[in-house]
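Asks: Residues 120 to 303, numbered by my numbering, are exactly what the sequence shown covers, in order. Got a structure for you, questions after.
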Amino acid sequence: MPVTERTYQMVALEDPEGQWELHRGRLREKPAMTASHNQAGVDLAFSILQQVDRREYTVRVDSGRVKRADETYYIPDVIVVPTRLVRPQLGRTDLLEVYESPLPFVSEIWSPSTGTYDVDEKLREYMKRGDLEIWRLHPYDRTVIAWQRQADGSYNETVYRGGIVRLHALPEVTIDLDALFGPV
Numbered sequence: 120m121p122v123t124e125r126t127y128q129m130v131a132l133e134d135p136e137g138q139w140e141l142h143r144g145r146l147r148e149k150p151a152m153t154a155s156h157n158q159a160g161v162d163l164a165f166s167i168l169q170q171v172d173r174r175e176y177t178v179r180v181d182s183g184r185v186k187r188a189d190e191t192y193y194i195p196d197v198i199v200v201p202t203r204l205v206r207p208q209l210g211r212t213d214l215l216e217v218y219e220s221p222l223p224f225v226s227e228i229w230s231p232s233t234g235t236y237d238v239d240e241k242l243r244e245y246m247k248r249g250d251l252e253i254w255r256l257h258p259y260d261r262t263v264i265a266w267q268r269q270a271d272g273s274y275n276e277t278v279y280r281g282g283i284v285r286l287h288a289l290p291e292v293t294i295d296l297d298a299l300f301g302p303v
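Structure representation (structure tokens):
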């Protein structure tokens, strides 16, 4: 039986440690991750946060949700959120932190437990939402696949294996992949 949006939000608010997502009307708990996965997310978020104007953007790691339709809510590993979207939610204990508008940057970090699900389901949904730049970071293969939204709504795909990468949607931000992945 599909779960309603109202039920989903109630479950997520009442069990915040559960990391609940809603995939096409079905509840799904985001599993715990490895230290390598978690470190990559924190390091990526920290690098971005150091470079953006904090009056304009903030960064979330495994916390904010993105919504595409009433039956689909995901918790990306890293997102960049315009502060104008955050402000109306601050101070509200009755609201789940959710973003319906396309975001400038969304990243999933590969893990053995969610790798197929992320690629087959979540990344496609982010494209349908119209998010401007979507990354799949693979900390073990030391690669990033980036999709950049084009003016016509299509996405260009680029694979990075190191070096300095300038974000398409946030051109003032560069990520040093060699530093992010650490020593070999």
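We put the beta carbon where it would ideally sit given N, CA and C, even for glycine.
1. As a quick exercise: from 169, 283, 204, 240, pick the residue whose alpha carbon is nearest that of residue 223.
2. Please report the distance separating the alpha-carbon of residue 121 from that of residue 129.
3. With a Cβ-Cβ cutoff of 8 Å, do residue 202 and residue 142 count as a contact?
4. Can you grab the Cα-Cα spacing for the pair residue 148 / residue 194, in whole Å?
5. Counting only runs that start and end within the segment 193 to 260, where is the alpha helix (DSSP H) found for 4 or more residues in a row?
6. In chain order, what are the residue ranges of uninterrupted beta strand (DSSP E) at least 3 long that sit wholly in the segment 131 to 173?
7. With contact counted as at least three CB pairs below 8 Å, one residue from each stretch, are the segment 214 to 221 and the segment 166 to 175 in contact?
8. For the beta strand (DSSP E) holding residue 295, just list the boundary residues, first then last.
9. Distance check for residue 264 and residue 277, CA to CA, integer angstroms please.
10. Nearest CA to the CA of residue 199: which residue from 262, 185, 152?
11. Roughly how many whole angstroms lie between the Cα atoms of residue 231 and residue 179?
12. DSSP has residue 268 in a bridge; who is on the other side?
13. Pull up the distance between the alpha-carbon of residue 295 and that of residue 285, whole angstroms please.
14. What is the DSSP secondary structure of residue 125, counted as helix, strand or coil?
15. Report the residue from 256, 260, 208, 227 whose alpha carbon sits nearest the alpha carbon of residue 245.
Replies: Taking the coordinates as given:
1. 204
2. 15 Å
3. no
4. 10 Å
5. 202 to 205, 242 to 248
6. 139 to 142, 145 to 148
7. no
8. 293 to 295
9. 6 Å
10. 185
11. 22 Å
12. 274
13. 9 Å
14. helix
15. 227
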